[in-house]
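What follows is one structure encoded as structure tokens, with my remarks underneath.
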Amino acid sequence: MVKLLSLVAAAISLSAPDCHSFVAPGSARANDVRLGAKLEGREIEGALKPTNNFVLVKVAAIEDETEGGILLTGSAKIKKTEGTVIAVGPGKTHQESGLLFPMPVVEGEGVVYGKYDGTEVDYDGEKHTLIRDEDILVKFSGDKLTLESADVVSDSVLVKVEDSEEETSSGLVIAATAKKGSKPSTGEVVKVGPGKMASNGEIMSVDISVGDLVKFRDFAGNEVSIEGGEFAVVRMTDILAKF
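Count the sequence shown with the numbering used here and you get residues 421 to 663, in order.
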């Protein structure tokens, strides 16, 4: 009984947030633990490591100036849904075959994700977010997202959308994106993902090529701005036809 109480007391002392067990200088544990990392203001031992198919992303700074040099204030500041990959989980396991789906990104790459995706966390005093691999719209290398450095993942396709115009009876030209309830759903394919992984581990290639013109489901594409151009990231299952 005394031995059991001693074990319980030891477990509490190790798991309590404000309690730290003594570690002898030079011991194996002292060398393995990275001190100073903080999660939501709480000091943690070691680095934050995502599980399953989650990705830890350091969120890019909010833009307070436009490319033309106009200063933005308050709610006008541009909140980016992009950042740098800090850590990557091992991947998702297929429920039937047990195969591990490899992650599409590595540490150091830049990613763009959906506006409402991810769980924000304060890590080491800076804003981060935890997203799933399927939340990634575009990945890129280097400090800035460009069309040359951009790539899509899985069975996604990057489409340069056609912004068709319509002229009113009075001669006023209205862009498709300005019309109420309208959103471009045709365009030219500029990037194609490697394909989706099947249960047996094989990659199912995408039946779309760069240069194809495609029609996809209305409102199915996720909008992405690259070098001032408007693009849409579309899943292969949402592409209705090519021409």
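Ideal placement from N, C-alpha and C gives every residue a C-beta, glycine not left out.
Classify Ser574 as buried or exposed, calling it buried when 16 or more other Cβ atoms lie within 10 Å of its own Cβ. buried
Just the Cα atoms here: how many angstroms apart are Thr606 and Phe651? 10 Å
Opening and closing residue of the beta strand (DSSP E) in which Arg655 lies: Gly649 to Arg655
Could you tell me the distance, in whole angstroms, from the CA atom of Gly545 to the CA atom of Gly538? 18 Å
Less than 8 Å separating the beta-carbons of Val541 and Leu550? yes
How would you label Gly621, buried or exposed, when you count the other beta carbons within 10 angstroms and need 16 or more for buried? exposed
Which listed residue (His514, Lys611 and Glu463) has its alpha carbon closest to that of Phe560: Lys611
Got a sec? Which residues, its chain only, sit under 6 Å from Val409 by beta carbon, not counting five neighbours each side? Only positions 421 to 663 of the chain appear in the structure, and residue 409 is not among them; the question remains open.
Give me the residue from Leu476, Asn473 and Gly649 with the minimum Cα distance to Val579. Gly649
State the Cα-Cα distance for the pair Val532 and Ser645, rounded to the nearest angstrom. 10 Å
Opposite Phe474 in the DSSP bridges: which residues? Arg552
What residue from Gly511, Glu529 and Gly528 has the CA that sits closest to Phe521's CA? Gly511
Work out the CA separation of Asn642 and Glu477 for me, nearest whole Å. It is worth fixing the name first, because residue 477 is Val in this sequence and not Glu. Cα to Cα, the separation comes out at about 19 Å.
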